[in-house]
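Mapping of the sequence shown onto mature numbering (1 follows the signal peptide of the UniProt record, and there is no 0): residues -16 to -1, 1 to 162, in sequence order.
Ideal Cβ positions, reconstructed from N, Cα and C, are used throughout, including at glycine.
Here's the structure we're looking at; comments come further down.
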Amino acid sequence: MIRLALILVFIARSLAAQEPVQSPPEAEPPMTYERLGNILFALDPEAEPSGPGFQLTIAGVEVLVITDTNADRMRAMVPIRSAEALSEEDLIRMMQANFDSTLDARYAIANGTLWAAFIHPLSLLEKDQLISGLAQTVNIARTYGTLYSGGAAEFGGGDSTDLQRELIEELLKKGEEI
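In structure tokens:
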């Protein structure tokens, strides 16, 4: 009897010490063309629907967002420059950045143009992912030719950190002469 009482007391204390079970956060509804449009208009009230997509301006940069509901895809794009005169060095640097510093956005070439692009399945896209992807796309367009960065922490394990460190070292060396 005493053993049973001790076991019951032990179980009761264990149960009381446990944290209450919290229900998981409510999932966002699937992304649709309409929901995407509502988010984009919140970011830029001057955004314009354009066929299966939208044109908007973020931080002074024109962004084109295209959807394909049949393929369940979304693509946000910023034209950077003509791809015709890209050197091998330019191409290698962009591929290095795609590996570690552009994050979810990417440099891409299509129809003779160099683009900054963010591509994602439409229905699985969450609001914060969209906003972050748009910001990263704008950032890699703006930092093309310099930092090639999506604007957040780098993934690491690639070449970008060392290349960016080279610039810091070069400027520090120049600063020694002052």
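Cβ neighbours of residue i in the same chain (closer than 8 Å, five flanking residues each side left out)
| i | result |
| --- | --- |
| S66 | G96, T97 and L98 |
| I115 | I23 and L27 |
| L68 | Here residue 68 turns out to be Glu, not Leu, going by the sequence shown. Here the set comprises G96. |
| V45 | V62, V122, A125 and R126 |
Cβ-Cβ separation, residue j to residue i (assumed contact under 8 Å), whole Å
| i | j | result |
| --- | --- | --- |
| A26 | M61 | That pair is no contact at about 20 Å. |
| S71 | Y132 | With 8 Å as the limit, S71 and Y132 do not qualify as a contact, their Cβ atoms being about 14 Å apart. |
| E32 | T41 | The pair is not a contact, with the Cβ atoms about 10 Å apart (cut-off 8 Å). |
| P105 | R57 | 6 Å |
| E12 | E110 | 5 Å |
| Y17 | I64 | With 8 Å as the limit, Y17 and I64 do not qualify as a contact, their Cβ atoms being about 26 Å apart. |
Beta-carbon contacts of residue i that lie in its chain and below 7 Å, excluding the five residues immediately before and after
| i | result |
| --- | --- |
| A89 | A100, A101, F102, G117, Q120, T121, I124 and G134 |
| P36 | I50, T51 and D52 |
| V(-8) | Note that V(-8) scores 49 on pLDDT, short of 50, meaning its location in the model is unreliable and no value can be drawn from it. |
Beta carbon proximity, residue i to chain C, threshold 8 Å
| i | result |
| --- | --- |
| A92 | Given the protein chain composition of this structure (a single chain), no chain C is represented. |
For residue i, the first and last residue of its enclosing beta strand (DSSP E)
| i | result |
| --- | --- |
| E32 | E32 to S34 |
| L40 | G37 to I42 |
Run of the alpha helix (DSSP H) containing residue i, from where it starts to where it stops
| i | result |
| --- | --- |
| residue 171 | The first residue shown for the chain is -16 and the last is 162, placing residue 171 beyond what the model contains. |
Close-in-space but distant-in-sequence residues of the same chain around residue i (CB under 6 Å, 5 per side omitted)
| i | result |
| --- | --- |
| residue 164 | The shown model of the chain, from -16 to 162, leaves out residue 164, and the question about it has no answer. |
| Q39 | E32 and L48 |
| P14 | S107 |
| M78 | Y91 |
query = What residue ranges within the region 49 to 121 form continuous alpha helix (DSSP H) runs of no fewer than 4 residues, ordered along the chain?
reply = 72 to 84
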